Structure formats: structure tokens, C-alpha cells
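For reference, the structure is listed below as C-alpha cells.
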Amino acid sequence: MNRLRKCLVWDLDNTLWDGVLLEEPVSVKPEVVDVIKELDSRGILNSIASRGDERLSLSNLEKNNLKELFLVPQINWQPKSQSILKISSELNISLDAIAFIDDDEFELEQISYMLPDVLTFHAEDAKNLPTYPDFSPLEITAEAKERRKLYQAEMQRKTAEENFKSRKEFLISCRMKLTIRPMKEDDITRVLELMTRTHQLNTTGIILTKDEIKNIYQQGADGKNIYVADLEDRFGWYGIVGVAMCEADKVLWRLNYLAISCRVMGRGIEKAILITLVEKAIQNDFKSIEAEFIDTGKNKMMRGLYQMSGFVGEKNESNSDRIKFYAVKNKLARVPEWVQVL
Amino acid sequence: MLKEKQMTDIEKNLLAYIQKECLSKNSDSLPGLDDDLFDAGIVDSAGLISFLAFIEKEYHINIPDEDLLPENFKSISAITNYLSSRIYVR
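Heads up: the protein sequence lines correspond to chains G and Y, in order. Just so you know, we're using the numbering used here here: the first sequence kicks off at 106 and counts up by one. Just so you know, we're using the numbering used here here: the second sequence kicks off at 1223 and counts up by one.
As C-alpha cells, this is what we get:
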């Protein structure tokens, strides 16, 4: 029941501002704006489901410097349940991670009835929301603080792509810059988040505890056994999108774990990260490159990545879900040309 | 690129999938039959898995994971050759 909410959907008239915009001059409630900004800084997205005139409402939001705080605002004359469904699908956030706030009991009841997974709040309750557990993530990563901007950048990317005639032209135009660096202690929360949330682009599905990650980190010289990949393009910063764990043993370099955020699917980033790590190992004079794979039933993409990138697998006889991959000289794929590795 | 009538049904079918699922609405540049789909940014690890699901369903075959290799899946013609070895082409 007390699931953390990822998105709060606001009504406008008499909720965000005092008064009804189509009938009278309205004034934005400063204490509500504070709540919106506070939730935003915690990585909780704000949206709008309101009845009224879209253009007028948006221009009033703009006048008050509030427009950019809201994602995919729905201002129309449809039932609000429809608006919330649309928000859910556009942001790809499930209904049980959405909350709705309105001053009108009828609207609140209707949402509770039509969309029982959506948590509803009365506008009078607005200023208390930041104290509720539903809006209080335990830890706030750098990525969470930027979450709204990440979504906004992603929407710009989608629009931009439509203007390009070829996929490659579009990818090149994005000017992606990938940085692969040893993990720092500050990154552990985000690394943990990636391990827990990533199922498809995950080579083993293993989830470590914070202490286990710390242990591995402290064993490695200067954190050189855990790497993170940070991505940015002309639309903005993606944050840490990948984590790799590796170990070295004389001439052998082994990639034990690789997970990449599903947010960057479709751009060849997983290949760029894998190949960059392998090239680095080869430059450092490792003669034999291995990579571990455990079939989780969900991570066929990663098996495909290895096999399509020049790795050959050898099944483990005692455990058929485990495959040890070897990089084959002269067969190794290249980093996609649209990714600049820094 | 070959003229449409010179393409096999498999090639036409694979290109139709790419046009619908992998390219943006305004894109008019389909890959050539021998173009590397990965180098062209048309598929990556995620895109390949969706493409495989389409092929398996369309041709009623099961593609074993071991077969996910560049020689089988890097281009339209590679996939066509692979498929031709797996199904009877009418």
C-alpha cells in the first residue's frame, strides 16, 4: 500500500492557485509551489490533470515560472481518469506509483473509483505531502535530483529524431559523450539502484548489498575493479548509466558483471561500454579477456551483446545457465561511431 | 539497393519490419541488404531481441541463443540466408 510515488498529478483551479482561471484573476499559492519544488528535488515528478483552457492555463503557468516544473500536463475537458492514464503511459510510470491532488471531492472520489491504484489527496493536505512516506525516498541520488530534466531531455530527443531521415544521422547529431571511470564511494547508491532495477541489460542478475559493494571497492587498487559509465549528449546529462565489475589475474582480465540502464537502450551504448572496457584491458597488456554470463531468463540481450561483439561462449558443464565468454582477437566489434569515449 | 521485384519475400518482410519498428516516421532511408544493421544504428542489443521475436513468430521457428552471431544477424541478407537454411522457401 505505502508504495513510494514517482509522480504527483495536480489540479490547477483552487489547488495550485486560488480561484478559477476562466472566471477570475487567480493567484498562485506560494506554499504549494514550495511543495512542488521540494518533491521535484527528491526526484518525484509533477504533472497536471485539470479541466480548463489549455493555452490560457499554460500561459499562466509560464507567467509564474512554473511551466517547466510539470511534465506532460493534461489540461482539457476530458474525465481526469483519462488524463491520468495518459500521463501514466507517456511517462511510463505505473498507476500504483502515481498520486493525485484536487480540491474537488467529486474528482477525488471518481479517481479512487476508476483508478483505485492511484493515491488521492485533498488540496488542503498539500503542504503536508513532503512529510508523508509516500513522497519520502530513503536516499536521493544525483540522478533523482535531475529526474525531471532527464525526462524533458528524453522528450526533446524523441521530437528531434523525427526530423532526421536516417537513424544514424540522428544518433551522430546527438553528440553522445561516454565517460568510463573507476567508481567513487559517492556512486554506491546509484550503483545499487542500477543493480536492482536493471533486468534485461544485466549479464548475471546478481544483486549485491551495499556492504558487499564497499568490500569489492576497498579491495581494488583505487577502485579499479568497479567502473561506472556516465553519459551525456546535446540534450542533457543521463547520469550514471552503466556499472561494470572486473578482476585481473596476471594476464587474465575478467568482466564479472555488467549492467546498463534501460533508459539508454537503442543507442548501442552497451556495446560502447563493453568494447571500451575490453580495449582498455588489452592496452594494459592483458592477454586473455573473459566475461561471465548467467542466464536469468530476462537477459538474452546481454548474451546477444557478447556474441554479436566477437565473444565466444563456453558452457559450464555443471551449471547450464552459466556461460564463460572469451574475446576473440580480430573479431572484436568496434565502439559505435556516434559515441565519443572520453 | 535492389528493385523491389528482385527482392525475395523474406527480404521484403524484414525491411517492412525495420521500416515500421526501427525507423522514425519521417525516415525514408531503408538499409541496403548488405548494410550492417548495428553500424547503421538501426538495431542494438535490445532491438535485436525484438527483431528475433518478430522473426520467430513470423516464420514459426525457434532461434537458439547460440545462433545469435554476426554471420547470422548482422544484415538483411545475413538473416535471409540464415532463415533460408532453417525454413523451406516457397
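By construction, the Cβ of each residue, glycine as well, lies at the ideal position given by its N, Cα and C atoms. Given the structure is predicted, the values throughout are model-derived calculations rather than measurements.
For G:L126, does the three-state DSSP call read helix, strand or coil?
-> By one-based count along the first sequence, residue 126 of chain G stands at place 21. G:L126: coil per DSSP, three-state reduction.
Kindly list the residues whose CB is nearer than 7 angstroms to the CB of G:N169, restricted to its own chain and excluding five residues on each side of it in sequence; keep chain order.
-> Your numbering for residue 169 of chain G matches position 64 in the first sequence. Within the same chain, G:N169 has close Cβ partners V133.
Buried versus exposed, by CB contacts within 10 Å (16 or more), G:M106 | Taking the first residue of the first sequence as 1, we reach residue 106 of chain G at position 1. For G:M106, the predicted model reports a pLDDT of 47, less than 50, meaning its position is unreliable and no value from the coordinates is stated.
Simplified DSSP state of G:C55, which is helix, strand or coil | An answer regarding residue 55 of chain G cannot be provided, because it is not within the stretch 106 to 447 covered by chain G.
Output, in chain order, the set of chain G residues within a Cβ distance shorter than 9 angstroms of Y:S1307.
-> On the second sequence, position 85 is the one that residue 1307 of chain Y refers to. Under the 9 angstroms cutoff, chain G gives no residues; its nearest Cβ is about 18 angstroms from Y:S1307.
Could you give the distance in angstroms between the alpha-carbon of G:S217 and the alpha-carbon of Y:Y1281?
-> To locate residue 217 of chain G, count along the first sequence from 1; it is residue 112. To locate residue 1281 of chain Y, count along the second sequence from 1; it is residue 59. Those two C-alpha atoms are separated by around 45 angstroms.
6 angstroms Cβ shell around G:W115 - same chain, five flanking residues per side excluded | One-based indexing of the first sequence puts residue 115 of chain G at position 10. Sequence-distant partners of G:W115 (beyond 5 residues in either direction) whose C-beta falls short of 6 angstroms from its own C-beta, in its chain, are L121, I153 and I206.
Return the CA-CA distance between G:M413 and G:E422, expressed in angstroms with no decimal places.
-> For the purposes of this step, residue 413 of chain G is taken as the residue at position 308 of the first sequence. For the purposes of this step, residue 422 of chain G is taken as the residue at position 317 of the first sequence. If I take the Cα positions, the gap works out to 23 angstroms.
Quick one, which of G:M370, G:F340, G:L299 and G:L220 has its alpha-carbon nearest Y:S1272's?
-> As a first step, residue 1272 of chain Y must be located in the second sequence, where it is residue number 50. Comparing Cα-Cα distances from Y:S1272 to each of G:M370, G:F340, G:L299 and G:L220, the minimum goes to G:M370.
G:M413: contacting residues in chain Y (beta-carbon distance under 8 angstroms) = As a first step, residue 413 of chain G must be located in the first sequence, where it is residue number 308. Within 8 angstroms Cβ-Cβ: F1260, S1267, L1270, L1290, L1291, P1292, F1295 and K1296.
So, does the CB of Y:I1285 fall closer than 7 angstroms to a CB anywhere in chain G?
-> Position 63 of the second sequence, counted from the first residue, corresponds to residue 1285 of chain Y. Not closer than 7 angstroms to any Cβ of chain G, the Cβ of Y:I1285 fails to qualify, so no.
In three-state terms, what does DSSP make of G:D395?
-> Position 290 of the first sequence, counted from the start, is the residue given in the question as residue 395 of chain G. Note that residue 395 of chain G corresponds to Glu in the displayed sequence, not to Asp. The answer is strand: DSSP assigns G:E395 an E or B state.
List, in order along the chain, the chain Y residues whose C-beta lies closer than 9 angstroms to that of G:S425?
-> Locating residue 425 of chain G in the first sequence gives position 320, where the first residue counts as 1. The premise fails here: G:S425 is roughly 11 angstroms from chain Y at the closest Cβ pair, so nothing lies under 9 angstroms.
With DSSP as the reference, label G:M406 as helix, strand or coil.
-> Here residue 406 of chain G corresponds to residue number 301 of the first sequence, with the count starting at 1. Helix at G:M406.
Thinking C-alpha only, which one of G:I198, G:D158, G:F416 and G:V348 is nearest G:L283?
-> Locating residue 283 of chain G in the first sequence gives position 178, counting from the first residue. Ranking G:I198, G:D158, G:F416 and G:V348 by Cα distance to G:L283 puts G:V348 first.
From G:L117, G:V417 and G:R372, residue whose alpha carbon lies closest to that of G:S164 = As a position in the first sequence, residue 164 of chain G is number 59, starting the count at 1. The shortest C-alpha separation from G:S164 is found at G:L117.
Of the choices G:D230, G:D123, G:N233 and G:I378, whose alpha-carbon is the least far from that of G:R286?
-> Taking the first sequence and counting its residues from 1, the one referred to as residue 286 of chain G is at position 181. Of the candidates G:D230, G:D123, G:N233 and G:I378, the one whose C-alpha sits nearest the C-alpha of G:R286 is G:I378.
Members of the region 362–388 of chain G near chain Y, C-beta cut-off 7 angstroms | M370, G371, R372, G373, E375 and K376
In three-state DSSP terms, what is G:Y343?
-> By one-based count along the first sequence, residue 343 of chain G stands at place 238. If DSSP states are grouped into helix, strand and coil, G:Y343 belongs with the strands.
Any chain G beta carbon closer than 7 angstroms to Y:N1303 = As a position in the second sequence, residue 1303 of chain Y is number 81, starting the count at 1. No, Y:N1303 does not count as interfacial toward chain G.
What residues in the region 267–285 of chain G bring their beta carbon closer than 9 angstroms to a beta carbon of chain Y?
-> Against chain Y - using a Cβ distance shorter than 9 angstroms - the residues of the region 267–285 of chain G are E267, N268, F269, K270, S271, R272, K273, E274, F275, L276 and I277.
Does the beta carbon of G:M106 sit closer than 7 angstroms to a beta carbon anywhere in chain Y?
-> Stepping through the first sequence from its first residue, residue 106 of chain G is reached at position 1. With a pLDDT of 47 at G:M106, under the threshold of 50, the modelled position of this residue cannot be trusted; read the value that follows with caution. Closer than 7 angstroms: no.
Contact list for the region 392–409 of chain G against chain Y, Cβ threshold 9 angstroms | D400, K405, M406, M407, R408 and G409
Which residues, taken in chain order from the region 235–250 of chain G, show a beta carbon closer than 9 angstroms to some beta carbon of chain Y?
-> none
Where G:D292 falls, given that 16 or more other Cβ within 10 Å makes a residue buried | By one-based count along the first sequence, residue 292 of chain G stands at place 187. By the neighbour-count rule (16 or more Cβ atoms within 10 Å), G:D292 is buried.
G:K142 by DSSP, collapsed to three states: which one?
-> Locating residue 142 of chain G in the first sequence gives position 37, where the first residue counts as 1. It is helical.
Assuming Y:T1302 and Y:I1232 make a contact with CB atoms under 8 angstroms, what is their CB distance in whole Å?
-> In the second sequence, counting from the first residue as 1, residue 1302 of chain Y sits at position 80. In the second sequence, counting from the first residue as 1, residue 1232 of chain Y sits at position 10. That pair is a contact at about 5 angstroms.
Buried versus exposed, by CB contacts within 10 Å (16 or more), G:Y362 = Taking the first residue of the first sequence as 1, we reach residue 362 of chain G at position 257. By the 10 Å Cβ count, G:Y362 comes out buried.
Closer than 7 angstroms, CB to CB, is Y:K1279 near chain G or not?
-> Within the second sequence, the letter at position 57 stands for residue 1279 of chain Y. No, no contact with chain G.
G:L299 versus chain Y: which residues are under 9 angstroms apart at the beta carbon?
-> Residue numbering aside, residue 299 of chain G sits at position 194 when the first sequence is read from its first letter. Chain Y residues near G:L299: none, gap ~16 angstroms exceeds 9 angstroms.
Entirely within the region 251–289 of chain G and at least 3 residues each: give me those beta strand (DSSP E) ranges in chain order.
-> 281–287
Have a look at G:T264 and G:S393 and give me their C-alpha separation to the nearest angstrom.
-> Sequence index remark: in the first sequence, residue 264 of chain G carries index 159 (1-based). Sequence index remark: in the first sequence, residue 393 of chain G carries index 288 (1-based). G:S393 has its alpha-carbon roughly 44 angstroms from the corresponding atom of G:T264.
Select from the region 1240–1255 of chain Y all residues with a C-beta closer than 8 angstroms to any C-beta belonging to chain G, and list them in chain order.
-> C1244, L1245, S1246, K1247, N1248, S1249, D1250 and S1251
Could you tell me which of Y:L1305, Y:P1292 and Y:I1309 sits nearest to Y:D1261, measuring between CA atoms?
-> Numbered from its first residue, the second sequence carries residue 1261 of chain Y at position 39. That would be Y:P1292, whose Cα lies nearest to the Cα of Y:D1261.
In the structure shown, what three-state DSSP assignment does G:M106 receive?
-> Counted from its first residue, the first sequence places residue 106 of chain G at position 1. Summary for G:M106: the model assigns pLDDT 47, below 50, so the residue's position carries little reliability; its value from the coordinates is reported in the next sentence. DSSP places G:M106 in coil when its eight states are reduced to three.
Please say whether G:R156 and G:W182 have beta carbons closer to each other than 7 angstroms?
-> By 1-based counting over the first sequence, the position of residue 182 of chain G is 77. By 1-based counting over the first sequence, the position of residue 156 of chain G is 51. A contact, by the Cβ cut-off of 7 angstroms.
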